[in-house]
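Just so you know, our numbering puts the end of the sequence shown at 385, numbered straight through with nothing missing. Where is the CB? At the ideal position from N, CA and C, for every residue including glycine. The structure presented is a predicted model; accordingly, all values stated were derived computationally and were not measured. Here the structure is laid out as structure tokens; the discussion comes afterwards.
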Amino acid sequence: MKAVIFEQFGKPPRVQSVADPTPAATGVVIKVEATGLCRSDWHGWMGHDADIVLPHVPGHELAGTIQAMGKHVTRWRLGQRVTVPFVGGCGHCFECNSGNHQVCENQFQPGFTAWGSFAEYVAVEFADTNLVALPDALDFATAASLGCRFVTSFRAIVDQAKVKPGEWVAVHGCGGVGLSAIMIATAMGANVVAIDLTEEKLAFARELGAIATINARETQDVVGAMREITKGGAHVSIDALGHPSTCFNSIANLRRRGRHVQVGLMLGDHAQPPVPMDKIIAHELEIYGSHGMQAFRYNALMDMLATGKLLPQKLIGKEITLDDAPAALMAMDRFEGTGINVITKF
Ligand SMILES: [Zn+2]
Ligand SMILES: [Zn+2]
């Protein structure tokens with residue numbers, strides 16, 4: 040099969056012919072029909088992810104059809120259209136048994152713990168626990184765009200922060216994660232305030248439902264501006280970027296008893312940012328993480344897609360080819376438009 044592969048961290052990946060994958064006993068091989076590009080792929084390529092063993096094929100936001108199945112897979116059949124969350128649970132550990140596959144102790148992550156989906160085929164482990172059937176009406180590119188930022192934002196807003204109608208929700212950073220969070224929080228009936236450094240992204244945030252925006256390049260005191268807009272602070276605040284300053288602001292701009300959800304990844308030097316612990320105590324703030332979403336929770340999401348309450352296809356930028364992927368991957372730290380690139384030709 041054709042695959043995008045790199046042999047050294049930070050050195051240009053190449054499209055090469057490699058051996059076709061075979062399914063594990065509890066796994067499947069998926070013929071990839073669409074796979075999204077993500078900053079996590081860039082971090083993996085740079086050597087920031089300890090799970091990656093070289094040589095490596097990136098890609099974790101995928102959708103396709105089942106091409107081959109291991110002998111212990113019972114819930115699926117060949118040819119079914121499917122996607123997977125980027126964190127797959129083993130189905131057997133304590134966390135999986137408690138319904139929390141997103142923090143599984145033996146998790147499978149395509150493109151990190153194994154070769155990923157920048158290829159014609161990808162092997163996925165623990166299929167019975169993690170595959171998600173796609174409704175006929177959902178196209179592959181949109182389905183691929185769900186698996187990472189969109190489901191993580193859905194879990195952050197719906198399952199972790201439990202946003203209620205009428206609450207003020209601050210979203211710090213309007214990349215793919217932030218724009219997803221804005222769309223989802225708006226659909227839940229919240230009043231969203233979006234914060235970013237670029238006017239282009241803030242305009243898109245307003246288009247997706249943000250009722251107010253703060254340009255952090257022009258506003259020195261983001262926390263003060265948020266207090267003023269929300270008359271006291273946000274009920275819920277999301278750091279969708281993953282940076283010490285957005286993390287700090289996201290906690291500091293909460294009203295009393297507010298909830299912060301960290302969705303943007305904190306890697307390398309940013310792994311342990313300063314937080315206003317004095318305020319967390321005095322105001323009884325709640326701090327959550329969001330790390331993917333269980334496959335069984337896709338039901339709620341799929342129903343909101345089918346009824347048009349959520350339109351993740353609005354977040355797709357360009358459809359590109361597998362041959363375009365190496366250059367697009369290497370450019371991910373330099374160029375960040377308002378849309379996600381999705382590989383749809385292999
Ligand atoms: Zn598990
Ligand atoms: Zn991703």
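Inter-residue spacing [alpha-carbon to alpha-carbon] between residue i and residue j
i, j, result
"His274", "Leu354", "26 Å"
"Ala229", "Glu267", "17 Å"
"Met343", "Gly378", "21 Å"
"Val161", "Val314", "40 Å"
"Thr225", "Ala279", "16 Å"
"His82", "Phe147", "18 Å"
"Ala153", "Thr383", "21 Å"
"Ser137", "Asp198", "15 Å"
"Gly127", "Asp175", "23 Å"
"Lys41", "Pro52", "13 Å"
"Thr113", "Asn139", "21 Å"
"Ser284", "Met85", "23 Å"
"Lys270", "Pro94", "53 Å"
"Gly307", "His282", "11 Å"
"Ile234", "Arg256", "10 Å"
"His330", "Val302", "7 Å"
"Pro351", "Pro204", "21 Å"
"Ala367", "Gly215", "16 Å"
"Asp317", "Gly328", "20 Å"
"Asp260", "Leu117", "56 Å"
"Gly103", "Ala339", "21 Å"
"Gln47", "Gly356", "29 Å"
"Leu247", "Val208", "14 Å"
"His131", "Pro124", "17 Å"
"Arg373", "Gly347", "33 Å"
"Phe243", "Asp363", "26 Å"
"Met227", "Asp80", "30 Å"
"Glu325", "Phe385", "45 Å"
"Ile105", "His111", "15 Å"
"Ala310", "Cys213", "21 Å"
"Phe45", "Gln141", "27 Å"
Among the options, the one whose alpha carbon lies nearest that of residue i
i, options, result
"Ala321", "Met341, Lys348, His309 and Ala291", "Ala291"
"Arg298", "Gly378, Ala370, Gly214 and Val202", "Val202"
"Arg188", "Phe48, Ala200 and Gly217", "Gly217"
"Met305", "Trp115, Asp167 and Arg78", "Arg78"
"Ala264", "Ala366, Ser289, Gly49 and Ser192", "Ser289"
"Ala107", "Ala73, Val67, Phe125 and Asn145", "Val67"
"Thr258", "Ala249, Leu247, Thr237 and Ser276", "Thr237"
"Pro312", "Phe287, Ile105, His131 and Phe125", "Phe287"
"Asp90", "Asn145, Gln119, Thr74 and Pro365", "Asn145"
"Leu349", "Lys357, Tyr337, Glu358 and Thr360", "Tyr337"
"Asn169", "Val142, Cys129 and Leu177", "Cys129"
"Val300", "Ile277, Gly347 and Ala310", "Ile277"
"Thr360", "Ala73, Val208 and Phe48", "Ala73"
"Gln119", "Gly212, Leu173, Ser192 and Cys135", "Leu173"
"Asp178", "Asp363, Glu358, Gly49 and Asp362", "Glu358"
"Glu206", "Cys143, Cys135 and Val231", "Val231"
"Cys143", "Ala334, Ala345 and Met341", "Ala334"
"Ser219", "Trp115, Ser192 and Glu239", "Ser192"
Short Cβ contact (8 Å threshold) for residue i with residue j
i, j, result
"Ala158", "Val210", "no"
"Met332", "Arg194", "yes"
"Gly109", "Pro62", "yes"
"Ile69", "Val190", "no"
"His87", "Gly150", "no"
"Val381", "Ala180", "yes"
"Val92", "Thr122", "no"
"Thr65", "Ala166", "yes"
"Glu323", "Arg294", "no"
"Gly196", "Ile223", "Reading off the sequence, residue 196 comes out as Ile, not Gly. Yes, the Cβ-Cβ distance between Ile196 and Ile223 is below 8 Å."
"Ala249", "Ile221", "yes"
"Pro365", "Val57", "no"
Whole-Å CB distance - residue i paired with residue j, under 8 Å assumed
i, j, result
"Ser156", "Val71", "5 Å"
"Gly186", "Leu101", "7 Å"
"Met371", "Leu76", "7 Å"
is_contact[residue i, chain B] using C-beta, thresh 8 Å
i, result
"Glu164", "Although the question refers to chain B, the structure presented lacks it and comprises just one protein chain."
Can you list every residue whose CB sits closer than 7 Å to some heavy atom of ligand 1, going in chain order? In chain order, the qualifying residues are Gly128, Cys129, Gly130, His131, Cys132, Glu134, Cys135, His140, Cys143, Glu144, Asn145 and Gln146.
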